[in-house]
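Protein chains in written order, with our numbering: chain A, 65 to 312; chain B, 65 to 312. Written out below as structure tokens is the structure these notes cover.
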């Protein structure tokens, strides 16, 4: 165990921040950490938008489903998959790379690139005593978010991240049993998975019952299957295609 | 600056490892670090396959384009997007969640989840003095990789990661200028991007010329647009759909 692993294992999402801004120097360090992550074939498909104007943050908070901490935090980042710069580069060299950009493969590459960069920011921020929470909620209204941030074709905002000095000490929700997510040499059979899920259902039911004083008693299996029974963000396929991505 | 940020900024991909295995205890710690990452709506969409059998590693190395370090390393992980466990959970609760799983939105969620988990592993491994390299090359032949690892419907191997004791000290390739990837309050106009790309082209051309003793002299703009002019892995869309993912 070392400081790095301690930081990683101590992660909790923070949804309440002190009214204290983060220094410009720290923001620069966090962006440098983002850039230090691995990138597929040196493509560097991530662009980070730092949202500083309070009015824009407020608007984003509304678009993300009225999550107050999107507006009230030390800093707010939006991580974008970005092939617009590759398009500019191609124009400089008189090449056509649109078929590559529009592919499912490129969509995977860009989503992975942006996520690796973001997780470096998360870990680095937490190492400085800051708290973070990922905001997938910006995908509730991605067209409006994209317009608000002026994202052109080939640029897709994937998720936000609120950062700040923590003003809450939430518990750590139990993760799936290690054996459920770690398989050796090949994917395990479903019988073992089922038995681990039953065990996890009981563990998480106990956790929620205790944490909420009995208000919520459902375990993970119940929670997840209830929420996933209602499809969300069904507009995504069309919107992503309109951005010129994930088409072929 | 602290130990965590130093570790993150010092990242280089390592493609040559000492013939030394990594302890079971370390592997468990790395998987725990993967699990500690944020996960969208508590869905935990990542499964990690640890490939230990040398024959399978050899086969993977071939499928990934004859990359020797896929077979020769201290350990090899494959990170998968995995909604099979949610399907099992849904069967336990007699729910139908297939529409959610098959959506573009879920494909984003799962790809992000697996990537955040992987980057925690990368940072944790490097903090222990290990080196890592991501292996997108497993997507060269994903059908064969998926069969080799026995991945069912709804489980998509996204990338591998070779880990081991470094036996090389590669240089650190210059990243895009910070101003190119970090925009404030909104996406910057393309004129600024173009000018930054011209500057970066020159910087990376110098870097490559020096590093290769003049054998390679192309900068990033030239390299990337040449490689992206040839679409790769065009089978991906169909394969991913056959897995039941990214359909609607």
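Just so you know, even glycine gets a beta-carbon here, dropped at the ideal spot from N, CA and C.
- Would you list the one or two residues that DSSP bridges to residue 198 of chain A? DSSP links residue 198 of chain A through a beta bridge to A/225.
- Item | Residues sharing a beta bridge with residue 247 of chain A, DSSP | Answer is B/113, bridged to residue 247 of chain A.
- Item | Segments of 4+ residues assigned as alpha helix (DSSP H) that fall wholly inside the segment 254-302 of chain B | Runs found: 254-275 and 284-292.
- Cβ neighbours of residue 132 of chain A in the same chain (closer than 6 Å, five flanking residues each side left out): Same-chain partners within the cutoff: there are none.
- Query: Nearest-angstrom Cα distance between residue 247 of chain B and residue 222 of chain A?
  - Reply: Distance from the CA of residue 247 of chain B to the CA of residue 222 of chain A, rounded to the nearest whole angstrom, comes to 15 Å.
- Determine the contact status of residue 245 of chain A and residue 157 of chain B, defining contact as a CB-CB distance below 8 Å. Pairing residue 245 of chain A with residue 157 of chain B gives a Cβ-Cβ distance that is not under 8 Å.
- Query: What residues from chain A crowd round residue 35 of chain B, counting only those whose CB sits closer than 9 Å?
  - Reply: The displayed coordinates of chain B run from 65 to 312. Any statement about residue 35 of chain B would go beyond what the structure contains.
- Query: Quick one: which chain A residues come within Cβ less than 9 Å of residue 107 of chain B?
  - Reply: Here the neighbours are 288, 291 and 292.
- Message: Does any residue of chain A have a CB that is nearer than 8 Å to the CB of residue 153 of chain B?
- Response: Yes - at least one Cβ of chain A is within 8 Å of the one on residue 153 of chain B.
- Message: Along the segment 229-243 of chain B, where does the CB come closer than 9 Å to a CB of chain A? Name the residues.
- Response: Residues passing the 9 Å Cβ filter: 236, 237, 239, 240 and 242.
- Item | Distance, residue 140 of chain A Cα to residue 143 of chain B Cα | A direct Cα-Cα distance of roughly 28 Å separates residue 143 of chain B from residue 140 of chain A.
- Excluding the 5 residues preceding and the 5 following residue 69 of chain A in the sequence, name in chain order all residues of the same chain whose CB lies nearer than 6 Å to its CB. Exclusion of the five residues before and after residue 69 of chain A leaves no residue of its chain whose Cβ lies closer than 6 Å to its Cβ.
- Task: Within 10 angstroms of the Cβ of residue 274 of chain B, are there 16 or more other Cβ atoms? Answer buried if so, exposed if not.
- Result: Under the 10 Å beta carbon count, residue 274 of chain B is surrounded by fewer than 16 other beta carbons and is classified as exposed.
- Query: For the candidate residues B/257, B/225 and B/177, whose alpha-carbon lies nearest to that of residue 145 of chain B?
  - Reply: Among B/257, B/225 and B/177, the Cα nearest to that of residue 145 of chain B is on B/177.
- Message: Quick check on residue 146 of chain A: does DSSP put it in helix, strand or coil?
- Response: In this structure, residue 146 of chain A counts as strand in the three-state DSSP scheme.
- Query: Name the chain B residues that come within less than 7 Å of residue 257 of chain A, Cβ to Cβ?
  - Reply: 149 and 152, listed in chain order.
- Message: Alpha carbons only, please: which of B/213, B/218 and B/259 is nearest the one belonging to residue 58 of chain B?
- Response: Residue 58 of chain B falls outside the range modelled here, since chain B spans only 65 to 312, and no answer is possible.
- Query: Where are the beta strand (DSSP E) runs, 3 residues long or more, that stay fully inside the segment 127-188 of chain A, in chain order?
  - Reply: DSSP runs (the beta strand (DSSP E)) wholly in the segment 127-188 of chain A: 139-146.
- Where residue 254 of chain B and residue 116 of chain A are concerned, what is the direct C-alpha to C-alpha distance, given to the nearest angstrom? So the alpha carbons of these two residues sit roughly 21 Å apart.
- Message: Does any residue of chain A have a CB that is nearer than 8 Å to the CB of residue 296 of chain B?
- Response: Yes, residue 296 of chain B counts as interfacial toward chain A.
- Item | Counted within 10 angstroms of its Cβ, other Cβ atoms place residue 270 of chain A as buried (16 or more) or exposed | Counting Cβ neighbours within 10 Å, residue 270 of chain A comes out exposed, since fewer than 16 surround it.
- Message: Using C-beta distances below 7 Å, list every residue in its chain close to residue 310 of chain B, excluding the 5 sequence neighbours before and after it, in chain order.
- Response: Once the five neighbours on either side are set aside, the close Cβ partners of residue 310 of chain B are 168, 171 and 304.
- Other residues of its chain near residue 165 of chain A: CB distance less than 8 Å, five sequence neighbours each side excluded: Closer than 8 Å at the Cβ level, and outside the excluded window around residue 165 of chain A, lie 147, 150, 151, 218, 308 and 309.
- Message: Within 8 Å, do at least three Cβ pairs link the segment 89-103 of chain B to the segment 196-216 of chain B?
- Response: No, the segment 196-216 of chain B does not touch the segment 89-103 of chain B.
- the segment 127-141 of chain A: positions lying closer than 8 Å to chain B by Cβ: Correct list: empty, as no residue qualifies.
- Task: Starting from residue 97 of chain B, trace the alpha helix (DSSP H) both ways and give me its first and last residue.
- Result: Boundaries of the alpha helix (DSSP H) around residue 97 of chain B: 88-100.
- Message: Does chain A have any CB closer than 8 Å to the CB of residue 82 of chain B?
- Response: No, because no Cβ of chain A sits closer than 8 Å to the Cβ of residue 82 of chain B.
- What does residue 248 of chain A touch in chain B if you count any residue whose Cβ is under 7 Å from its own? Listed along chain B are 114 and 116, each with a C-beta nearer than 7 Å to that of residue 248 of chain A.
- Query: Is any beta-carbon of chain A found at less than 8 Å from that of residue 209 of chain B?
  - Reply: Taking Cβ atoms only, chain A never reaches closer than 8 Å to residue 209 of chain B, which makes this a no.
- Message: Excluding the 5 residues flanking residue 238 of chain B on each side, which residues of the same chain have their C-beta closer than 7 Å to its C-beta?
- Response: Answer for residue 238 of chain B: 267, 268 and 271, listed in chain order.
- Item | Below-8 Å beta-carbon distance, residue 172 of chain A vs any chain B residue | At least one chain B Cβ lies under 8 Å of residue 172 of chain A.
- Query: residue 105 of chain A and residue 291 of chain B: beta carbons closer than 8 Å?
  - Reply: Against a cut-off of 8 Å, the Cβ pair of residue 291 of chain B and residue 105 of chain A comes out as a contact.
- Message: Taking only three categories from DSSP, how would you classify residue 213 of chain B?
- Response: Looking at residue 213 of chain B - three-state DSSP - the assignment turns out to be coil, as it is neither helix nor strand.
- Item | Boundaries (first-last residue) of the alpha helix (DSSP H) holding residue 72 of chain A | Segment 67-73, the alpha helix (DSSP H) holding residue 72 of chain A.
- 8 Å Cβ cutoff, residue 89 of chain A in contact with chain B: With respect to chain B, the C-beta atom of residue 89 of chain A has no partner C-beta closer than 8 Å.
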